[in-house]
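J.: I am attaching a structure below and will ask some questions about it afterwards.
In the numbering used here, the protein residues as written are 286 to 530.
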């Protein structure tokens, strides 16, 4: 049976990615949609990219761009004027810089090629939107004036959380953004911020970032059945590291 599987933010946690791929029994018939933020956090950011580059030769993969992927691309291309190094280091960048000390120049070039080819979003045949962070334009993704908002925005998720469940979708006060797509799948803002460690569904938005960069597990979710699989919490897989904690 062919499945469409969506994977939340990995943040350098290759061990967790191996776990969810195995626990979900992923095979070559499955479509894999990765929501971005492959890097920054745990110590295996380069190895995660190597794994994904190889994986796309065996599986149908769609790779979405996350904000941390852009940061690492800028760093690899030595465009440091685009990085607030203090902020980046504090939010997982330091582990990435240390990990790249043992990476060859040839590997770095492969990683640059991969990171440049990431998609800002994916819209499937069922009008389901997959995007790292969100979007701000009330008319949808193709009208977004600043494309970087697709992997930096937090207002979509914050608004979804704040919407009263009783507010009907045809209300004049119901945000138009939430009526445009059948479903929206995002990462970017960990659900651990609201005390959860499983995917959270609100106003048609599925947040699949279950806090793998911090104290939570990595999640892989079947978008049709809503069955999901999770790794162990990342601090258990990397007991001698701090991640982004």
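Built from N, CA and C at the ideal position, the CB exists for glycine as well.
Taking all protein chains shown into account, decide if residue 530 is buried (16 or more other Cβ within 10 angstroms of its Cβ) or exposed.
T.: Start at 1 with the first residue of the chain shown, and residue 530 comes out as number 245. Label assigned to residue 530: exposed.
J.: For the stretch 329-373, which segments carrying the beta strand (DSSP E) assignment without a break, of at least 3 residues, lie completely within its bounds, in sequence order?
T.: Within the stretch 329-373, the complete beta strand (DSSP E) runs of at least 3 residues are 345-348.
J.: From this set, 341, 306, 313, 302, which residue's C-alpha is nearest residue 322's C-alpha?
T.: Within the chain shown, numbered from 1, the residue matching residue 322 stands at position 37. Residue 322 has its Cα closest to that of 302, out of 341, 306, 313, 302.
J.: State the Cα-Cα distance for the pair residue 313 and residue 503, rounded to the nearest angstrom.
T.: Taking the chain shown and counting its residues from 1, the one referred to as residue 313 is at position 28. Taking the chain shown and counting its residues from 1, the one referred to as residue 503 is at position 218. Approximately 21 Å between the Cα atoms of the pair.
J.: Between the stretch 352-363 and the stretch 321-336, do three or more beta carbon pairs fall short of 8 Å?
T.: These segments touch.
J.: Could you check if residue 424 is buried or exposed, using at least 16 other CB atoms within 10 Å of its CB as the buried criterion?
T.: The residue labelled residue 424 in the question sits at position 139 within the chain shown. Exposed: under 16 other Cβ atoms inside 10 Å.
J.: Relative to the alpha-carbon of residue 471, which residue among 451, 493, 522 has its alpha-carbon at the smallest distance?
T.: Position 186 of the chain shown holds residue 471. Ranking 451, 493, 522 by Cα distance to residue 471 puts 493 first.
J.: If I measure Cβ to Cβ from residue 452 and keep anything under 6 Å in the same chain, skipping five residues before and after, which residues do I get?
T.: Here the question's residue 452 lines up with position 167 in the chain shown. Correct list, in chain order: 459.
J.: Out of 466, 465, 495, which one is the CA nearest neighbour of residue 479?
T.: Translated into the one-based positions of the chain shown, residue 479 becomes position 194. Closest option to residue 479, Cα to Cα, is 495.
J.: Could you spell out the range, first to last residue, of the beta strand (DSSP E) harbouring residue 491?
T.: Within the chain shown, the letter at position 206 stands for residue 491. It spans 490-492 - the beta strand (DSSP E) in which residue 491 sits, taken as one unbroken run.
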